[in-house]
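For reference, the structure discussed in these notes is given below.
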């Protein structure tokens with residue numbers, strides 16, 4: 012009950028903070044599983060207490076136990092089917108399908124208890140001293156129990172395991188394919204391959220992100236196998252041997268009582284939770300840890316003047332500086348990388364002013380696990396020619412301010428691929444250059460950035476390095 016309550020509360024808090032963080036089918040189904048588990052425990056405790064103390068009918072006791080147990084495995088099977096539909100079959104997300112996950116899961120669970128209740132098959136089992144299928148130990152009660160409880164559970168467990176195996180094999184195969192593939196490195200074909208290389212890198216990044224999410228989502232279909240197998244084995248052993256095995260019963264009871272715990276573990280390992288915590292950390296840093304930069308500050312300053320922005324007083328600024336900003340310098344969220352490759356055969360007439368028109372933004376629905384919230388900018392040829400200057404790589408980079416837009420100008424540099432989070436504004440403070448010194452010039456330009464307190468909605472605004 013506690014673990015299920017934690018998932019429900021955390022989900023609601025994430026949705027209140029930013030509903031896009033929980034805009035995914037598996038998370039909503041996970042919420043339904045947690046609610047089901049919570050009501051299952053409440054109904055078992057409440058109705059068993061009422062049945063023993065006030066001798067009420069056993070129908071609500073068994074109906075609550077069987078129906079909610081079936082509903083839990085049906086929701087888990089729905090998560091597995093969603094993985095099969097989106098990842099194995101590569102189908103686009105269809106919101107009309109999601110509603111059937113809930114309709115079928117709840118409908119089948121109600122049907123699995125409605126028919127036995129109508130047939131009068133629930134009652135007090137004298138052999139087990141509890142409410143269960145009656146008459147106790149008869150072939151008829153065994154058939155009813157297996158047809159409405161054990162067999163649906165076994166089918167869902169086998170289906171979930173099958174999907175886990177198939178998805179695991181596909182992840183392994185795609186990982187091997189990505190390791191075997193490399194972008195074109197032929198200098199003679201660089202001009203023709205530059206756009207394909209950029210697309211290749213973007214696709215590689217997207218596939219790795221998808222695979223990372225899918226690996227975590229696979230934990231949800233594994234939970235029924237972990238929690239229900241002991242009960243199934245104990246029940247089969249009892250009817251085959253006509254005796255009750257204490258170790259198997261302990262295994263079954265522990266498993267039946269722990270779906271909420273395992274579901275909570277899978278939820279906490281979900282990438283959406285890590286993303287929510289990361290967003291919260293960055294918002295707190297932007298609000299309490301970063302100096303409020305004034306509009307009159309120069310864009311060309313190497314770094315802000317610390318003496319002009321003294322540390323704020325109070326608990327939250329102290330907490331953010333002490334615990335949240337300790338690893339900020341090494342965070343990938345706080346810097347941007349540009350990879351620039353020199354191409355002596357590139358055309359010179361294309362300038363940096365076209366950068367804004369060449370930004371490509373991909374923002375798909377979060378329900379689709381292929382969503383990629385990044386910006387990719389391709390710079391064919393900045394202003395300048397390869398032979399116009401003999402300056403060092405360090406002096407070949409500059410900055411210019413034009414109409415409020417901060418553009419990066421690089422002479423004698425061909426291709427640049429920029430990966431940037433689409434929902435954060437950045438201000439450039441410093442530039443460092445690595446120069447390997449071989450024939451094909453490669454410059455790695457690192458931009459250390461400070462996050463603004465304001466957020467940018469990527470669905471409403473696409474900004475060309477507008478700082």
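Residue numbers (the working numbering): 12 to 478.
Each residue gets a CB set at the ideal place from its N, CA and C atoms; glycine is no exception.
Separation of residue j from residue i, as counted between CA atoms
i: residue 221; j: residue 76; result: 37 Å
i: residue 483; j: residue 218; result: An answer regarding residue 483 cannot be provided, because it is not within the stretch 12 to 478 covered by the chain.
i: residue 300; j: residue 331; result: 6 Å
i: residue 12; j: residue 189; result: 43 Å
i: residue 475; j: residue 295; result: With a pLDDT of only 32 at residue 475, under the threshold of 50, the placement of this residue in the model should not be trusted, and no figure is reported.
i: residue 84; j: residue 170; result: 11 Å
i: residue 115; j: residue 324; result: 55 Å
i: residue 99; j: residue 79; result: 29 Å
i: residue 175; j: residue 261; result: 27 Å
i: residue 107; j: residue 36; result: 12 Å
i: residue 29; j: residue 39; result: 15 Å
i: residue 210; j: residue 336; result: 34 Å
i: residue 179; j: residue 50; result: 33 Å
i: residue 256; j: residue 152; result: 20 Å
i: residue 31; j: residue 291; result: 13 Å
i: residue 253; j: residue 124; result: 26 Å
i: residue 121; j: residue 265; result: 25 Å
i: residue 326; j: residue 57; result: 44 Å
i: residue 367; j: residue 102; result: Residue confidence is low: residue 367 scores 33 on pLDDT, short of 50, so the model does not pin down where it sits. Its coordinate-derived value is still stated next. Each residue's Cα considered, the two are about 33 Å apart.
i: residue 409; j: residue 45; result: Residue confidence for residue 409 is low, a pLDDT of 34 falling below 50, so the modelled location carries little weight and cannot support an answer.
i: residue 333; j: residue 23; result: 28 Å
i: residue 184; j: residue 140; result: 52 Å
i: residue 111; j: residue 95; result: 15 Å
i: residue 329; j: residue 259; result: 53 Å
Pair within 9 Å by beta-carbon distance, residue i and residue j
i: residue 225; j: residue 177; result: no
i: residue 25; j: residue 285; result: no
i: residue 73; j: residue 27; result: no
i: residue 243; j: residue 263; result: yes
i: residue 18; j: residue 271; result: yes
i: residue 159; j: residue 127; result: yes
i: residue 90; j: residue 250; result: no
i: residue 228; j: residue 281; result: yes
i: residue 269; j: residue 238; result: yes
i: residue 113; j: residue 43; result: yes
i: residue 150; j: residue 135; result: no
i: residue 267; j: residue 241; result: yes
i: residue 236; j: residue 21; result: no
i: residue 246; j: residue 161; result: yes
i: residue 167; j: residue 88; result: yes
i: residue 93; j: residue 274; result: no
Min CB distance residue i to chain C below 9 Å
i: residue 124; result: Looking at the structure shown, chain C is missing, and only one protein chain is on hand.
Unbroken alpha helix (DSSP H) run spanning residue i, endpoints
i: residue 120; result: 106-130
i: residue 263; result: 257-268
i: residue 76; result: 70-94
i: residue 290; result: 282-295
i: residue 179; result: 162-191
i: residue 16; result: 13-28
i: residue 245; result: 230-252
i: residue 153; result: 150-156
i: residue 327; result: 326-330
Opening and closing residue of the beta strand (DSSP E) in which residue i lies
i: residue 141; result: 141-144
i: residue 136; result: 133-136
Residue i: CB within 8 Å of a non-hydrogen atom of the ligand FMN
i: residue 45; result: What this structure holds is no ligand at all, so the ligand FMN is not there to describe.
Cβ shell of residue i (< 6 Å), same chain only, five flanking positions each side left out
i: residue 52; result: 12
i: residue 118; result: none
i: residue 132; result: 144, 155
Other residues of its chain near residue i: CB distance less than 7 Å, five sequence neighbours each side excluded
i: residue 148; result: 138
i: residue 55; result: 75, 76
i: residue 70; result: 128, 133
i: residue 223; result: 282
i: residue 191; result: none
i: residue 172; result: 236
Close Cβ partners of residue i (< 8 Å) along its chain, the five nearest in sequence each way excluded
i: residue 47; result: 79, 82, 83, 86
i: residue 157; result: none
i: residue 186; result: 222
i: residue 214; result: none
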